[in-house]
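Enquirer: Numbering (UniProt numbering), first residue to last: 1 to 744.
No residue lacks a Cβ here, since even glycine has one placed at the ideal position from N, Cα and C.
Only a predicted model underlies this, so the values are computations on that prediction, with no experimental measurement involved.
I have a structure I would like to understand better, so I am pasting it below and will then ask my questions one at a time.
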Amino acid sequence: MPETHDKLLTTAKLVLKIAIPYPLRRSFDYLPPAGVDPTRLRPGVRLQVPFGKLNTIRTGYLLGISEFVSGDNIELKQAISVLDDEPLISSEDFAILIWASRYYHHPLGEVFSSAFPVLLRQGRTATLEKERLLCLTEAGKGSTAELRAPKRSQLLQTLKEREAGFSLAELNALGWDWRPIARVLIDKGFACYQERQVLMPTQKPTSIIHPHPLNPAQQNAVDSVLEKLGSYQAFLLEGVTGSGKTEVYLRLVEQVLARGRQAMILVPEINLTPQLEERFRARFAAPLAVFHSRLDDNARCRAWLAMQRGEAAVLLGTRSAVFTPLAKPGLIILDEEHDTSFKQQDGFRFSARDLAIMRARQCHIPIMLGSATPSLESLANALRGRYSLLSLPERTGVAVHPTFRIVDIRSQRLNEGLSPVLIAQIGETLARGGQALLFINRRGFAPTLICHACGWVAECKRCDSRLVIHSVERRLRCHHCGHEQPFLRDCPNCQTADLRPLGLGTERVELALAKLFPKARTLRMDRDSTRRKGSLEGMLEQIQAGEVDILLGTQMLAKGHHFPNVTLVGILDVDGGLFSLDFRAGERTAQLIVQVAGRAGREERPGLVLLQTRQPEHPLLRKLIREGYGSFAAAALQERREGELPPYSHQALWRADANDVESPALLLTRLVELSIHQTEVLALGPVPAPMPRQAGRFRQQLLLQCNQRKPLHELVEHLIRQLPGLPEAKRVRWSVDIDPMDFY
1 MPETHDKLLT TAKLVLKIAI PYPLRRSFDY LPPAGVDPTR LRPGVRLQVP
51 FGKLNTIRTG YLLGISEFVS GDNIELKQAI SVLDDEPLIS SEDFAILIWA
101 SRYYHHPLGE VFSSAFPVLL RQGRTATLEK ERLLCLTEAG KGSTAELRAP
151 KRSQLLQTLK EREAGFSLAE LNALGWDWRP IARVLIDKGF ACYQERQVLM
201 PTQKPTSIIH PHPLNPAQQN AVDSVLEKLG SYQAFLLEGV TGSGKTEVYL
251 RLVEQVLARG RQAMILVPEI NLTPQLEERF RARFAAPLAV FHSRLDDNAR
301 CRAWLAMQRG EAAVLLGTRS AVFTPLAKPG LIILDEEHDT SFKQQDGFRF
351 SARDLAIMRA RQCHIPIMLG SATPSLESLA NALRGRYSLL SLPERTGVAV
401 HPTFRIVDIR SQRLNEGLSP VLIAQIGETL ARGGQALLFI NRRGFAPTLI
451 CHACGWVAEC KRCDSRLVIH SVERRLRCHH CGHEQPFLRD CPNCQTADLR
501 PLGLGTERVE LALAKLFPKA RTLRMDRDST RRKGSLEGML EQIQAGEVDI
551 LLGTQMLAKG HHFPNVTLVG ILDVDGGLFS LDFRAGERTA QLIVQVAGRA
601 GREERPGLVL LQTRQPEHPL LRKLIREGYG SFAAAALQER REGELPPYSH
651 QALWRADAND VESPALLLTR LVELSIHQTE VLALGPVPAP MPRQAGRFRQ
701 QLLLQCNQRK PLHELVEHLI RQLPGLPEAK RVRWSVDIDP MDFY
């Protein structure tokens, strides 16, 4: 009896340290749930806890256990329940989340929450959902009688094709109302409904793929990575567009699966997943999980759990998929590694590329970063020996590099942004049966609506920006805050009916193409036209099937797509990125040109790329076209080194916004004053953001820069600790962005 009493006393002194998704940089102490021995709980398990004054039930994550000192005069709340018998994430992934919270200076609870799909954040038990199946009974399986109604016989024969039964979704795909027929079969004892857990299907290849032999450069890349399976090594695969990087990925995944391990493939944007998913499903019979934001919550949770349990072998996903647990980690591949979409731009501002590298290091597996235009950060890491550099310098098969031609559009009369040279080349391309791809990095009809009589401009009432004309919907829309209003006929300033669009967008160019080439089939691909579910996949099928003559779009065309019939690429205006204040603008412009140009001439027929510009002698364009991206990157790295800019320094960007103009600047000025002791860190600002007012709030920025990471992070941590006590912070919303990629 005394021993039991002592044990209860000891257990009662233990409290749970729990991370809760809330913007406070601390953990919260709770007593264990009734009847739960806290010593049996492992860090990472989810718990339900009462939180705040209203005791709202929240999902928290166990960080550890500590002793409660009774003299603290604190009355602790008791956790309600433990949701997991075992943690859903490994100890390695747990350590990564702790590291990420510290490195990005973000509240730990929100970091943990980001690592789980929505349904698990909401407290759902970690079991796969069930689905209903319509199956044949033994009587139905043995039935040979012809049913009078043809539909009954048809449904009966369909059900006989698969003993396990058909899901309701599969039956709905039949295209006719099967439910009343099913009721008749059930009444006759021929069929019944059953439930089963939704599993990741083992996908049989849709076609027998006989891949071409690898060329020496591809084989070297594959062999180099295979030598490191089971240990950490970062590889940078620099391969020109059309050089067969995807085939290298496929061969590596094939070997990883043969060893019973899992592979994670990350892409920067959702629109890249359909083609890549199709290639993987056509090659491998292994279950493949897909994870991105266009999937519903159930599908994302199912993919996450399938990888966590080892039921799926390959994960294909976007930025947020980097947190998906791997039961048997074998390899991580990050395609288009240069793409800034891998950096989260709000909330928890993490870099999926950098987190993927940390995961690979923690799990002792190799990671491959692939790109035709590697980021300067990755190239610098390769030069320092941190990454192993692999190269694919030539296109595969008979494809050759496209020919570049600069089109000087100064003093030329343009037809909605199209020069006579480009129009003529489009006509010749269509006459030869080829496809033309036109790139303009602005959706909508036109970026500005202006009154020709008085000069009035349609501006957003909540942002320092202009409203974009969307002619298809007859709306004016702000692309920054989402505000929209009906299209105007008369000027609200002078009441004349002389409102005119100014500038170009994809919709306006689309109309011009319809007039110039009325028989051509033109397809516009941008965020507006691909908003509906399944629209993107349908467009890609049309392009591959040769049902499109002219392809027009924005940046989503520039990223990794394989359009075998495109022989002409026209970039309508390359000048926008040549004069930006952002020090990365030149790098991004060069990457965009090379990536868009890379869609041309990927098969037997050669490709031509026309660059329309008013700056034909610009050194960036000349160097890029004459010497290639590698030469441009080397020169850009030297400029960064001389200017002590990333990757040769490190940055943290403070953003502050408020309902009034003064408060953000006052807060950031106070942070500068608190930074004076740290002489190694350069403080630049505060200054108004490039868009000073957005969504009705006034914005300021402060950039901290240092040649070493440690002093920078120490200063950021010091300032965060000071903020709660600053009166200037009370009316201001602030955030800190480590390694910022966007200064907008």
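(1) CA-CA distance, G310 and L41?
(2) Pick out whichever of D93, H105, L97 and F51 has its Cα sitting closest to the Cα of I80.
(3) Please state if the CB of F487 and the CB of R474 are separated by a distance shorter than 7 Å.
(4) Flag this pair as yes or no: are the beta carbons of R655 and Q701 separated by less than 7 Å?
(5) Considering only residues of the same chain and omitting the five flanking positions on each side of S207, which have a CB-CB separation below 6 Å?
(6) Identify every run of the beta strand (DSSP E) within the segment 390–460, keeping only runs that are complete inside it and at least 3 residues long; order them along the chain.
(7) Only counting the same chain, and skipping five residues up and downstream in sequence, which positions put a Cβ closer than 6 Å to that of L438?
(8) If we count the other Cβ atoms within 10 Å of its Cβ and call it buried at 16 or more, is Q308 buried or exposed?
(9) Measure how close the beta-carbons of A683 and L704 come, nearest whole angstrom, since I'm counting them as under 8 Å.
(10) What number of angstroms, rounded off, separates the C-alpha of Q203 from the C-alpha of L383?
(11) Please classify W178 as buried or exposed, where buried requires at least 16 other C-beta atoms within 10 Å of its C-beta.
(12) Short of 8 Å in beta carbon distance, which residues of its chain neighbour P205, apart from the five on each side in sequence? Order them along the chain.
(13) Mapping the DSSP letters down to three states, classify L713 as helix, strand or coil.
(14) State the CB to CB distance for the pair A313 and P287, rounded to an integer number of angstroms; the pair is presumed to be in contact (CB under 8 Å).
(15) With the cut-off set at 7 Å, would you say C463 and R733 are in Cβ contact?
(16) Identify which residue in V661, L726 and Q651 has its Cα closest to the Cα of K710.
(17) I74 by DSSP, collapsed to three states: which one?
(18) So, helix, strand or coil for I20, using DSSP?
(19) Which full runs of the beta strand (DSSP E) of 3+ residues lie inside the segment 227–288, going along the chain?
(20) Span of the beta strand (DSSP E) holding F28?
(21) Buried or exposed: L8, going by 16 or more other Cβ atoms within 10 Å of its Cβ?
(22) Taking 7 Å as the cut-off, decide whether the C-beta atoms of residue 752 and V322 are in contact.
(23) Per DSSP, which residues does A656 bridge with? Please list them.
(24) What residue range is occupied by the uninterrupted beta strand (DSSP E) comprising C135?
(25) Between the Cα of I65 and those of I406, L14 and H401, spot the shortest distance and give me the residue it belongs to.
(26) Would you kindly work out how many angstroms separate the C-alpha atoms of L499 and L666, rounded to a whole number?
(27) Does the separation of the CB atoms of G109 and L133 fall below 7 Å?
(28) Quick check on DSSP: helix, strand or coil for S114?
(29) Output needed for N220: all residues of its chain with C-beta closer than 8 Å, excluding positions within five of it in sequence on either side, in chain order.
(30) Can you give the Cα-Cα distance for V681 and N707, rounded to whole angstroms?
(31) Pull up the distance between the alpha-carbon of Q48 and that of R477, whole angstroms please.
(32) Could you pull the start and end residues of the alpha helix (DSSP H) that A689 belongs to?
(33) Rounding to the nearest angstrom, what Cα-Cα distance links A458 and G576 in this structure?
(34) Measure how close the beta-carbons of A115 and I89 come, nearest whole angstrom, since I'm counting them as under 8 Å.
(35) Measure from the alpha carbon of D737 to the alpha carbon of each residue in Y30, D657, H105 and D37, then state which is nearest.
(36) Mind the definition here: the segment 232–239 touches the segment 361–379 only if three or more C-beta pairs lie below 8 Å; say whether that holds.
Expert: In this structure, then:
(1) Distance between the alpha carbons of G310 and L41: 23 Å.
(2) For the residues D93, H105, L97 and F51, the minimum Cα distance to I80 belongs to F51.
(3) When the beta-carbon positions are compared, R474 and F487 come within less than 7 Å of each other.
(4) Contact flag set, yes.
(5) In this prediction, S207 scores a pLDDT of 41, lower than 50, which makes its location untrustworthy; the coordinate-derived value is nonetheless stated afterwards. So the list reads A282, once near-sequence residues are dropped.
(6) When DSSP assignments are scanned along the segment 390–460, the uninterrupted stretches of beta strand (DSSP E) that are 3 or more residues long and fall wholly within it turn out to be 403–408, 435–439 and 448–451.
(7) Cβ neighbours of L438 beyond the five flanking positions: L552 and G570.
(8) By the Cβ neighbour-count rule, Q308 is buried, with 16 or more other Cβ atoms within 10 Å of its own.
(9) Sure, about 6 Å apart at Cβ, within 8 Å.
(10) For Q203, the predicted structure reports a pLDDT of 49, less than 50, and the residue's modelled location is therefore unreliable. A value from the coordinates is still provided. Going from the Cα of Q203 to the Cα of L383 covers about 41 Å.
(11) It counts as buried.
(12) Low per-residue confidence applies at P205: pLDDT is 44, beneath 50, and the placement is therefore not dependable, though the value from the model is reported in the following sentence. Excluding residues within five positions, the ones whose Cβ falls inside 8 Å are R281, A282, R283, F284 and A285.
(13) In the sequence on display, residue 713 carries His and not Leu. Of the three classes helix, strand and coil, the one that applies to H713 here is helix, per DSSP.
(14) With 8 Å as the limit, A313 and P287 qualify as a contact, their Cβ atoms being about 6 Å apart.
(15) No. Outside cutoff.
(16) In this structure, Q651 is the residue among V661, L726 and Q651 with its C-alpha nearest to the C-alpha of K710.
(17) Coil at I74, not helix or strand.
(18) Note: I20 maps to coil in three-state DSSP.
(19) You should have 233–239 and 262–266.
(20) Segment F28 to Y30, the beta strand (DSSP E) holding F28.
(21) With a pLDDT of only 38 at L8, under 50, the local geometry of the prediction cannot be trusted, and no value is derived from it.
(22) For residue 752 there is no data in the structure shown, the boundaries of the chain being 1 and 744.
(23) Q700 and W734, per the DSSP bridge assignment.
(24) That run of the beta strand (DSSP E) goes K130 to L136.
(25) Residue L14 is the option with its Cα nearest to I65.
(26) The alpha-carbon separation between L499 and L666 amounts to approximately 41 Å.
(27) Not a contact, by the Cβ cut-off of 7 Å.
(28) DSSP places S114 in helix when its eight states are reduced to three.
(29) Excluding positions up to five away in sequence, the list reads L390.
(30) Cα to Cα, V681 sits roughly 8 Å from N707.
(31) Each residue's alpha carbon lies about 42 Å from the other.
(32) Premise fails: A689 lies in the beta strand (DSSP E), L682 to Q694, not in any alpha helix (DSSP H).
(33) The alpha-carbon atoms of A458 and G576 are separated by roughly 22 Å.
(34) Right, their Cβ atoms sit about 7 Å apart.
(35) With distances taken between CA atoms, D737 lies nearest to H105 out of Y30, D657, H105 and D37.
(36) The segment 232–239 makes contact with the segment 361–379; the number of CB pairs closer than 8 Å reaches 3 or more.
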